[in-house]
Structures are given as C-alpha cells and as structure tokens.
Amino acid sequence: MLFLNFNFVMVPAQITNKTIIDVLLTKNVIGQELFDRIKLENVNTGKSLEQIIVDHNFASDEELTKAKAEVYQIPYLDLAEISISPEALSLVPQIVAERYVCFPYTFDKEKKQLVLAMKDPLDLKAIEFLEQKSEKIIIPAFATEERIKEAINQYYTQSLTTQVTAALKESSKEDRGGVRVVDAGKLDKIIREAPIAKIVSTLLEFAIKAKASDIHIEPQQDKTRIRYRIDGILHEKLVLPRTVHDAVISRIKILSKMKIDEKRIPQDGRFSFRSGLEEVDLRVSSLPSVNGEKIVMRLLKKTGGVPTLTDLGLRGLALKNINGSIFLANGIILVTGPTGSGKTTTLYAVLSKINTTRVNIITLEDPVEYEIPGINQVQINPTAGLTFASGLRSFLRQDPNIIMVGEIRDQETAGLAIQAALTGHLVFSTLHTNSASGALPRLLDMKAEPYLLASSMICVVAQRVVRKICTNCREEYQPPVEVIEDIKRILGPLFQQPSGPFKLYRGKKCPECNDTGYSGRVGIFEVLTVNERIGRLILERAPASKLEAQAKQDGMMTMTQDGYLKSLEGITTIEEVLRVSRA
248 MLFLNFNFVM VPAQITNKTI IDVLLTKNVI GQELFDRIKL ENVNTGKSLE QIIVDHNFAS
308 DEELTKAKAE VYQIPYLDLA EISISPEALS LVPQIVAERY VCFPYTFDKE KKQLVLAMKD
368 PLDLKAIEFL EQKSEKIIIP AFATEERIKE AINQYYTQSL TTQVTAALKE SSKEDRGGVR
428 VVDAGKLDKI IREAPIAKIV STLLEFAIKA KASDIHIEPQ QDKTRIRYRI DGILHEKLVL
488 PRTVHDAVIS RIKILSKMKI DEKRIPQDGR FSFRSGLEEV DLRVSSLPSV NGEKIVMRLL
548 KKTGGVPTLT DLGLRGLALK NINGSIFLAN GIILVTGPTG SGKTTTLYAV LSKINTTRVN
608 IITLEDPVEY EIPGINQVQI NPTAGLTFAS GLRSFLRQDP NIIMVGEIRD QETAGLAIQA
668 ALTGHLVFST LHTNSASGAL PRLLDMKAEP YLLASSMICV VAQRVVRKIC TNCREEYQPP
728 VEVIEDIKRI LGPLFQQPSG PFKLYRGKKC PECNDTGYSG RVGIFEVLTV NERIGRLILE
788 RAPASKLEAQ AKQDGMMTMT QDGYLKSLEG ITTIEEVLRV SRA
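If you want the numbering used here, it's the position in the sequence shown, counting the first as 1, plus 247.
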C-alpha cells in the first residue's frame, strides 16, 4: 500500500468518491454548465475527465494538480513557496529528477524519509526505483510539472544549494567515524575549516547576488532555516541540518569579533565581506533562543555609491519642495516612517547632494550605515555616555553648518534640535510616525513649544518603500470596476481618464524575480512644507488630520496617491501600495 506524509505523520493513501471535476466545481474553477459539458463529452468520446479538461484548457495546470491532490488525498507542494534542503537534494541526482519529473523537497534523517514533489505520485514503479536509488523511504507529493522543472533548473545549478550540499557532504565525511572529540584549544581552528567556512561564505555570496538586505539564521527544533529579506520581504531559501548550526554560528561570531563561548546574552559585531567587485559591511546581532542562538546579519553595501533623490522615487512637486528646503541656511527637516522604510537612505541622498567643501556637515548615527567622503560621521555609544542628546550638545561647539541626528527619540533631543535650528544650523533627523502630518503633534507631545516649532520646522517627508514590478514578466490586465472606482476616489483631481481601456500592470512571476512578480524597490512619498498656514495650525496645537487637510489644500500629494500614480505607470501594483501604506 502507498503511504503518504502529512508533516511526517504516516497515513495510508485513500481515494475519495469525488472526481476531479467535482473538486473544480466546488472551488468555482468551472461552472455548472461547463461541468455538464465535460460529463457529456466523457460519455460520448470515452476520454478521461482529466484529458478533456487539458484538451480544452478549462483549468490551469496548478488548479488541476490541486484537484488531483484532493481527490487522491495526497499533499500538494508549491515549490515556489518552500525552502529546499541541501541534504534532500544530494540524495537524488539531477538526471534521475529530470527523468521521473520529481524534485526532492526535504529529508527526515531519523525516519529516513525523503519527501518528493512529483508530477505523478501514483507511479509506483518510479517510487520503487527512487527508493532503491536513494536507499530512503519515499514520501510522494503532488506538484505541477512546470514548477518541478523550474526547481530542477534553479536548484541543481544554483550555487547556494549545490555548494552548501558539497560542504555538508565533506563535513559528514569527517564525522562518519563517530563522535568527534574536539580539543577546546583547537576549537577556533576547527571552525575555520573548509566545510563550515564554505557554508558561511556561500550564504553571504548568495545574499549579495540576490540583493538581500538581511540574512536570518534561525535554529528550529530539528533544523536550521536560512531566510533572506529581499525587497523588504523574508524568503526562506535553505534548510541546514541542526548538527552544523553551532559551528556556523561560531564561524560568524569569530568573523564579527564576538565571544564564541558566550551564548546566554545578546551580542553585536561587525565585519566586511567581498564577493567579486562588490564589498559589503555586515552588522551582526546574536540572540539566545530556546533552540539555540539566532543570528541576523544586516548587509550594507560599500560599493555602488549613494542613490540620488530621483533614483529613490521623488519627483514633481515633492522633489521641488525638498530641493527648495535642503539648501536653506537653517531649520529642521524631518524624514518619517516605520523601521525599514528607507529614511536613512533618503537622508544620505540629501547629504550627498548638499555636501561641498564650503560647509561643515556632522552626523550622529546609530549605527553609521554608509560612509560618505567629506562628512564627519559619529556613531553613538550609550555605554560610554555618547547619546543623541549628549552628542548633539557637543556638536554645537564644532562649528557645524549642517547637523544630521539619526533619530529624535526623546524630549531632550527634540529640544536641542530646535535650539540648533534657531541658532543658525540646518538640522536633519528622523521620527517614527505614519504620516508627515503626524510628526508635528508628536514633537508637541515631546514638550516642544509650539511657537519654537512653528518657526524652526521647514518640511516633513513621510515615506514607504514598495516593490517594483519585474520588468521581465510584466503584463497588462483590466482591473475590476471596484478597483477603478477606488483609484478615482483616492486620486480625486489627480485622476486622468485614459483614452483607451483602463489598464493596470502586474508580474506574471518568472525565474528572474524568484517567482514573486517583483524585482527591486522604489519609494512613495509625501512632503509637507511648513508655510504660514501650517505654522498657525501648529500654534493652535491642531491634530494631524487638520494639518493634513491644510497640506492637501496647499498641493501636497499623499503617499497613497503617489503610489497609485506609480501603479498606473506600471512601476508597482495597487496591492503593494496598500500593503505598505497601511503599515
């Protein structure tokens, strides 16, 4: 009897009384009229239901495969949404995977069970051959033929998986003789050995190639998962055996100059890594968890330079207002948004634009993410007494023209920033608020005097970052009527009725964009300029809603409007704009 796996719980395969078209009808893939037509053709021609559906393209391959999985009570795997185990990959050669249209998904070492995504999990001869070839118990699952072939092409040739697989094989050869006894004095040397060093190096090289901003190395009960943050979204790309976790963590801690014998408290470190012509700085943070130490590495590019304001996505009136503000002699300019919304990058773009030999620019950051030639950058050190407030107080004795404070976190820093602006300095900083108008009430909550705030504030920029549609697989489509009405409502007078049919854009998903439909990111912005009318509302301690209403009357475009316009141009999608603008 064929056995199937649901989370490694063995249950006998059962065929339900449903047919494939019953499932498709239930899931509204086909209607009743089409259902009756398929049944009639089945009786008249003797063709199978599946063949009729395929011949007439009544359902997609994915819908058909999911229906078969439900009929035969076999799990369905979407290979675009899962992480791949190098151990599993090493058990089935590429030529065998191509011949039987299957792909090894994961491997349970204790039970010796290998989960295989298959085009036809009911092919018992293929399963028998694969069990003999791998010497493991095969647990079959349904997957579409297209996804299986894409996975074979991607993962059998992809350096991340193949190189880690090779390193794991080498590591397992060393341990094959039994338990390895390690001299504590030689631990450092063992961690530097080729297999573990190769795994860490490969993880970093893949991050650079994939343009990831963070790497998460997370211990689970029976495995270690590797996740990469690409275009702001975490993707699980790899699963390592739990046995190598401690060695991988120790290797990273050595590179970061952290204590490898201290596992009870969080630690921070930093190191640089070069791959080809690209060099990155890595900020490393360790955190003790119930399953072991978790490591997060933030990648900061040292090559490629700082982007311009136009590169970031600023344009039109918003760009004009920022350019008009950053060349003033004194005042405060704030950039607001949640963590990860690109505030620091925008500040660096601004500082690069105004950086000349005629001005003295000093920054106080936590931490210094990018080094800009000609700018005096200082990293805060709270343990030594160097905070945003104490650093800002010292800066005023350094004859600065322009000061950048990483973040206004408290009443003291807010007060010092306002005083610096009033005494002839141009001050840049960030604040955690959801909108530009919300920044002004937040500063009033920090006990800033309304009359000082009104006279020192120049403008507030609020921003988010959205993923761009992959240019390789971008396609047009006609949105539903309710979406069109929502666009008209949000854009208001900014909406222009197209001459032809109303079109939006999306990514079809392709290997170039890792089957996400998106590649790269761009900012959406709103720029609130503090004029006489806004200043009067600050003096009245008006709420954010009134400030925003007045700013709109003065011509401010909101972030959502900016995002919707970029959607109409095919830069991003409406769904992506709504995802980030509601954050």
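Glycine is no exception: its CB is placed at the ideal position from the N, C-alpha and C atoms.
*Look at the Cβ atom of S814, then the Cβ atom of V824, and state whether they are nearer than 8 Å.*
yes
*Tell me whether the beta-carbon of N648 lies closer than 8 Å to the beta-carbon of I705.*
no
*Give the secondary structure of P488 by DSSP, where H, G and I count as helix, E and B as strand, and everything else as coil.*
strand
*Is the beta carbon of G571 sitting closer than 8 Å to the one on Q710?*
no
*Taking S519 as the reference, give the member of I512, E616, V527 with the closest Cα.*
V527
*Just tell me which of E375, R474, P368, G621 has its CA closest to the CA of T201.*
There is no way to answer for residue 201, as the model of the chain reaches only from 248 to 830.
*Within the same chain, show all residues whose beta-carbon is closer than 7 Å to that of I395, passing over the 5 residues directly before and after it, in chain order.*
L326, V348, C349, F350, A364, K366
*Report all residues from its chain with a CB closer than 6 Å to the CB of R714; omit the five preceding and five following residues, and keep chain order.*
D478, Y765, R768, E823
*asked:* I need the DSSP call for P340, collapsed to helix, strand or coil.
replied: coil
*In the stretch 758-782, which residue ranges form an unbroken beta strand (DSSP E) of at least 3 residues, counting only runs that do not cross its ends?*
765-776
*Euclidean distance between Cα positions of T763 and R780*: 45 Å
_Terminal residues of the beta strand (DSSP E) in which L361 lies_ = 360-365
*Which word fits I464, buried or exposed, when buried means at least 16 other C-beta atoms lie within 10 angstroms of its C-beta?*
buried
*Between which two residues does the alpha helix (DSSP H) harbouring R545 extend?*
Where R545 is concerned, there is no enclosing alpha helix (DSSP H), although the beta strand (DSSP E) it sits in stretches over 539-548.
*asked:* Using a 10 Å radius around the Cβ and a threshold of 16 neighbouring Cβ atoms, would you call G578 buried or exposed?
replied: buried
*Which value, in whole angstroms, describes the spacing of the CA atoms of S760 and S522?*
Looking at the sequence itself, residue 760 is Cys, so the reference to Ser does not match. The alpha-carbon atoms of C760 and S522 are separated by roughly 21 Å.
*N570 lies in the alpha helix (DSSP H); which residues open and close that run?*
563-573
_C-alpha distance - H679 paired with D657, whole-angstrom precision_ = 12 Å
*May I ask which residues mark the beginning and end of the alpha helix (DSSP H) holding M804?*
No alpha helix (DSSP H) holds M804; DSSP gives it neither H nor E.
_N- and C-terminal bounds of the beta strand (DSSP E) containing L524_ = Note, L524: premise wrong, no beta strand (DSSP E); not H, not E.
*State yes or no: is the C-beta of F772 within less than 8 Å of the C-beta of L529?*
no
*asked:* Ignoring anything shorter than 3 residues, give me the beta strand (DSSP E) runs that lie fully in the stretch 588-675, in order along the chain.
replied: 608-612, 623-626, 649-652
*For the beta strand (DSSP E) holding V290, just list the boundary residues, first then last.*
Segment 279-292 is the alpha helix (DSSP H) holding V290; no beta strand (DSSP E) there.
_Pick from L812, A683, G770, G782 that is closest to G739, judged by C-alpha positions_ = L812
*Looking only at DSSP bridge pairs, what is H482 linked to?*
Y475
*Evaluate the contact criterion for the stretch 481-496 versus the stretch 597-612: three or more CB pairs, one atom per stretch, below 8 Å.*
no
_With DSSP as the reference, identify every bridge partner of Q320, one or two as the case may be._
The partner list for Q320 (beta bridge, DSSP) is empty, contrary to what the question assumes.
*Kindly indicate which three-state DSSP category H679 falls into: helix, strand or coil?*
coil
*DSSP three-state call for E397: helix, strand or coil?*
helix
*With which residues is M693 paired in a DSSP beta bridge?*
For M693, which the question treats as bridged, DSSP gives no partner whatsoever.
*Exposed or buried, what is N719 when buried is set at 16 or more other beta-carbons lying within 10 Å of its beta-carbon?*
exposed
*Do the CB positions of I473 and I455 come within less than 8 Å of each other?*
no
*asked:* Spatial neighbours of K694 within its chain, please: C-beta separation below 8 Å, excluding the five flanking residues on both sides.
replied: Q658, A661, G662
*For P333, is the classification buried or exposed, using 16 other Cβ atoms within 10 angstroms of its Cβ as the cut-off for buried?*
buried
*Between L271 and E310, is the Cβ-Cβ spacing less than 8 Å?*
yes
*Span separating the alpha-carbon of G810 from that of G516*: 37 Å
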